[in-house]
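Q:
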Amino acid sequence: MSAGLVGREGLADGRVLGLLEAAADGVAVVDAVGTVLWANRSAQEVLSPERPDRSLVGRPLGRPVLTGESQPLSIPGPDGRTRTVEMVATEVVVEDGTAYVVTLRDLTRHLRALRDLRRRREREDETLTPSRTATDSPTARLRLPLDELGAGWGG
Numbered sequence: 000m001s002a003g004l005v006g007r008e009g010l011a012d013g014r015v016l017g018l019l020e021a022a023a024d025g026v027a028v029v030d031a032v033g034t035v036l037w038a039n040r041s042a043q044e045v046l047s048p049e050r051p052d053r054s055l056v057g058r059p060l061g062r063p064v065l066t067g068e069s070q071p072l073s074i075p076g077p078d079g080r081t082r083t084v085e086m087v088a089t090e091v092v093v094e095d096g097t098a099y100v101v102t103l104r105d106l107t108r109h110l111r112a113l114r115d116l117r118r119r120r121e122r123e124d125e126t127l128t129p130s131r132t133a134t135d136s137p138t139a140r141l142r143l144p145l146d147e148l149g150a151g152w153g154g
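Using numbering that gives the first Met the number 0, read the sequence shown as starting at 0 and increasing by one per residue.
Quick look at the structure:
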């Protein structure tokens with residue numbers, strides 16, 4: 000991390016860094032030009048899934064365009080499939096300028112589960128919807144009461 004960032008009260012505290020390191024979501028600190036100053040293991044797994052053991056520190060991530068708003072990212076995975084990641088950046092002022100705290104959440108499994116749930120609901124809707132028979136048509140529904148009425152007029 001930059002000297003100004005390490006010197007900030009709280010971030011220099013190893014306990015706080017330990018808590019951030021344990022977070023399920025990716026957390027990274029990026030400087031004003033977009034270079035990663037610090038990243039937890041989850042951020043490394045999200046941004047570099049093919050090499051989660053490789054440090055992101057010093058690598059260019061890019062300067063966040065929007066701050067405070069969710070931004071979807073598409074990240075190619077090692078298996079060739081694209082993963083969907085939500086990124087939210089917060090601008091912070093540090094002693095040596097501006098930095099961004101970036102949180103990253105991999106939505107791939109969530110979106111896959113949502114698609115599966117929608118497919119199941121569609122299949123259930125199809126199963127619960129009665130199939131149309133000859134008596135379901137508007138003409139047949141009209142003819143049945145008329146036939147019943149005609150039956151009572153003897154002939």
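Idealized CB from N, CA, C, for every residue including glycine.
May I ask you to verify whether the stretch 74 to 82 touches the stretch 55 to 66, counting CB pairs closer than 8 Å and requiring at least 3?
A: no
Q: What ranges does the alpha helix (DSSP H) occupy inside the stretch 10 to 54, keeping only unbroken runs of at least 4 residues that lie completely in it?
A: Residue ranges of uninterrupted alpha helix (DSSP H) with 4 or more members, entirely inside the stretch 10 to 54 and ordered along the chain, are 13 to 21, 40 to 46.
Q: Beta-carbon within less than 8 Å of Ser1's beta-carbon, same chain only, minus the 5 sequence neighbours each way: which residues are those?
A: Below a pLDDT of 50, predicted positions are generally treated as unreliable, and Ser1, at 46, falls in that range; the measurement from the model is reported next regardless. These residues qualify, in order along the chain: Asp30, Leu36, Val93, Asp95, Ala98.
Q: Which residues mark the beginning and the end of the beta strand (DSSP E) in which Val93 is found?
A: If you look at Val93, you'll find it in the beta strand (DSSP E) that goes 81 to 93.
Q: On the DSSP bridge assignment, give the partners of Leu72 in chain order.
A: Val84
Q: Would you call the stretch 69 to 80 in contact with the stretch 53 to 60, where contact means no fewer than 3 C-beta pairs closer than 8 Å?
A: no
Q: Any idea what DSSP makes of Asp105, helix, strand or coil?
A: strand
Q: Taking C-beta to C-beta, are Leu60 and Ala22 nearer than 8 Å?
A: no
Q: Relative to the C-alpha of Ala42, which candidate in Met86, Asp78, Val15 has its C-alpha closest?
A: Met86
Q: Among the residues of its own chain, which have a CB less than 7 Å from the CB of Glu49, if the five just before and after it don't count?
A: Pro77
Q: Given a threshold of 16 other Cβ atoms within 10 Å of its Cβ, counted over all protein chains shown, does Ala38 qualify as buried or as exposed?
A: buried
Q: Under the assumption that Asp24 contacts Leu103 (Cβ atoms under 8 Å), give the Cβ distance between them as a whole number of angstroms.
A: Contact check for Asp24 and Leu103: beta-carbon distance about 6 Å, within the 8 Å limit, so the pair qualifies.
Q: Using 8 Å for Cβ pairs, my map puts Asp105 next to Val45. What's the rounded Cβ distance?
A: 5 Å
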